[in-house]
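Here the sequence shown stands for residues 5 to 211, where the numbers follow my numbering.
Working notes, beginning with the structure itself.
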Amino acid sequence: MFIGNNIKRARELKGLTQDELAKRMGYKSRSTIARIENGDNDVSQSKLKKFAEILDVSIDFLLDDGNKKMQIPHSRGIRIPILGRVVAGIPLEAITDIEGYEEITPKMASLGEYFALRIKGHSMEPRIEDGEIVIVKQQEDVECGDVAIVLVNGDEATCKQVKKSPEGITLIGFNPVVYPPHFYSNKEIEELPVRVIGRVVESRKTW
């Protein structure tokens, strides 16, 4: 029973749902995780090792029966690259122009692939200033109103708010003096092209 409790505790500390942990462990459904956490299913040594690796804890942590003080596992930050330039035709994973690294939480990292990008220019002020670093979740589509990293006509990636309509999309800078709203029709989206490569989830300012 205590192994199941320890797995549950480590899972919650890492920010994973039972569904997410089941997928990483190779189980077909969350019910297997639920039974393990409830103490209804035994865990083999090989599975115990895999649980420890996925949950970023030691096997001793999972085997702790409560007779000694349990140490809460320290969640290490996950490093993601700060990309210097993002241009069309080069896959993100192939970019070698890396300025440095930022850290995100293991919980955030479990939700997808991320990269960081330094903002250049004043088009997104005052919300995002020149030189700030934004954390970007890689995805090819965003919701209307999201701030995204967008590639237009093969140029360097730009950070803009995306507004959608049946006729196309509008890229909006929060500083309209520098960057007035720019509309792209559905035809232009296909032909230029206009391509979303990620959604901005956080901005970080260096003082």
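Each residue gets a CB set at the ideal place from its N, CA and C atoms; glycine is no exception.
Report the three-state DSSP secondary structure of residue i (helix, strand or coil).
{"i": "E107", "result": "strand"}
{"i": "I139", "result": "strand"}
{"i": "K27", "result": "helix"}
{"i": "I102", "result": "strand"}
{"i": "F178", "result": "coil"}
{"i": "E192", "result": "helix"}
{"i": "L115", "result": "coil"}
{"i": "K32", "result": "coil"}
{"i": "E16", "result": "helix"}
Please report the straight-line C-alpha distance between residue i and residue j, rounded to a whole angstrom.
{"i": "S207", "j": "Y183", "result": "20 Å"}
{"i": "D68", "j": "M128", "result": "51 Å"}
{"i": "I7", "j": "F55", "result": "11 Å"}
{"i": "K164", "j": "V154", "result": "7 Å"}
{"i": "A92", "j": "E192", "result": "Below a pLDDT of 50, predicted positions are generally treated as unreliable, and A92, at 46, falls in that range; the measurement from the model is reported next regardless. A92 and E192: Cα-Cα distance of roughly 16 Å."}
{"i": "I102", "j": "G88", "result": "5 Å"}
{"i": "E160", "j": "L121", "result": "12 Å"}
{"i": "P77", "j": "E57", "result": "A caution first: P77 carries a pLDDT of 48, below 50, which makes its placement in the model too unreliable to give a value."}
{"i": "K51", "j": "E106", "result": "32 Å"}
{"i": "R83", "j": "Y118", "result": "10 Å"}
{"i": "N42", "j": "S48", "result": "16 Å"}
Taking the alpha-carbon of residue i as reference, which of the options has the nearest alpha-carbon?
{"i": "K168", "options": "P185, L121, G158", "result": "P185"}
{"i": "L59", "options": "I40, E103, A14, P85", "result": "A14"}
{"i": "K53", "options": "G88, N45, F65, V156", "result": "F65"}
{"i": "M29", "options": "D44, N42, I11", "result": "I11"}
{"i": "G158", "options": "D44, N190, K209, L196", "result": "L196"}
{"i": "V181", "options": "G125, V140, G172", "result": "G125"}
{"i": "K141", "options": "E133, A152, R131, I63", "result": "A152"}
{"i": "F187", "options": "L175, G104, S62", "result": "L175"}
{"i": "G104", "options": "I137, G172, P170", "result": "I137"}
{"i": "V61", "options": "G149, T162, P110, I40", "result": "P110"}
Inset, instruction - Count the C-beta pairs between the stretch 137-153 and the stretch 182-200 that are closer than 8 Å, then say yes if the count reaches three, no if not. - result: Yes: at least three Cβ pairs fall under 8 Å.
Legend entry - Three or more C-beta pairs below 8 Å linking the stretch 10-25 and the stretch 106-115: Between the stretch 10-25 and the stretch 106-115, the count of Cβ pairs shorter than 8 Å is three or higher; the stretches touch.
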